[in-house]
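Residue 1 is where the sequence shown starts when you use UniProt numbering, and the numbers rise one by one after that.
Positions of the beta carbon are idealized from the N, C-alpha and C atoms, including for glycine.
Every value quoted in this text rests on a predicted model; they were computed, and no experiment measured them.
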Amino acid sequence: MEKNEVMKMKSSESQVMDGSDIMKLVGNEAVFSNFVDHKFQELDIDKDGKLSVKELQPAVADIGVALGLPPQGSSPESDHIYSEVLQEFTHGKQEKVSKTEFKEVLSDILLGMAAGLKRDPIVLLRMDGEDLLEFVKSPAFEPEMLSLYSELELPDGSLKDYIIKAFEKLTVDQGMPPASDSWVVHLFSLTA
């Protein structure tokens with residue numbers, strides 16, 4: 001998303017993730033230690049004071065989600081990254097990880113994520129349908145939709161097929177989330 005696009009958005013509609021919150025968490029020793037203590041206790045199922053590879057799996061999965069990876073098992077490329085994250089914790093050979101090791105590795109991973117977000121911030125835009133409704137009620141709606149429909153070529157398509165294809169061509173400026181987003185694709189597949 002271009003910087004000028006970000007400027008056009010109201011602050012209540014968007015949130016910029018630039019890594020600063022992660023830096024604050026890791027930088028505040030008391031808060032980060034409390035976070036690690038809580039997470040470690042949650043993961044240490046057998047209460048032996050160390051995390052096994054199996055007990056680390058939920059933390060590895062959470063890190064994968066934070067990195068935007070698909071679930072484990074869905075692609076060899078993402079599985080390799082999950083494996084690398086696990087190896088960071090276990091140093092490739094340990095069976096169990098102490099709380100101190102867990103904290104150090106988690107800190108390194110979070111600081112790496114924060115550095116990446118600082119370099120390339122992510123803008124989260126909440127779309128509640130208000131902009132789409134505004135577009136539908138605007139004088140521009142009818143001519144734009146006619147133009148979109150005239151571009152569509154679905155010889156055997158139903159009205160529903162035409163509507164779905166037309167919605168896929170709407171943009172964020174018109175209040176429609178990008179059709180390429182996985183959850184939007186999932187919604188369109190539910191209607192097909």
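Contact check, residue i vs residue j, beta carbons under 8 Å
i, j, result
"residue 32", "residue 25", "yes"
"residue 40", "residue 99", "yes"
"residue 174", "residue 106", "no"
"residue 97", "residue 67", "no"
"residue 169", "residue 148", "yes"
"residue 16", "residue 121", "yes"
"residue 55", "residue 45", "yes"
Host alpha helix (DSSP H) of residue i (start-end)
i, result
"residue 110", "99-119"
"residue 33", "29-43"
"residue 161", "159-169"
DSSP-derived helix/strand/coil call for residue i
i, result
"residue 154", "coil"
"residue 23", "helix"
"residue 93", "coil"
"residue 72", "coil"
"residue 50", "strand"
"residue 145", "helix"
"residue 67", "coil"
"residue 172", "helix"
Where the beta strand (DSSP E) through residue i begins and ends
i, result
"residue 138", "Taken as a continuous stretch (DSSP letters only), residue 138 belongs to no beta strand (DSSP E), as it is neither H nor E."
Beta-carbon separation (whole angstroms), residue i vs residue j, contact threshold 8 Å
i, j, result
"residue 113", "residue 22", "6 Å"
"residue 65", "residue 86", "Not confirmed; about 15 Å, so no contact."
"residue 124", "residue 18", "At roughly 11 Å, the Cβ-Cβ gap does not stay under 8 Å, so residue 124 and residue 18 are not in contact."
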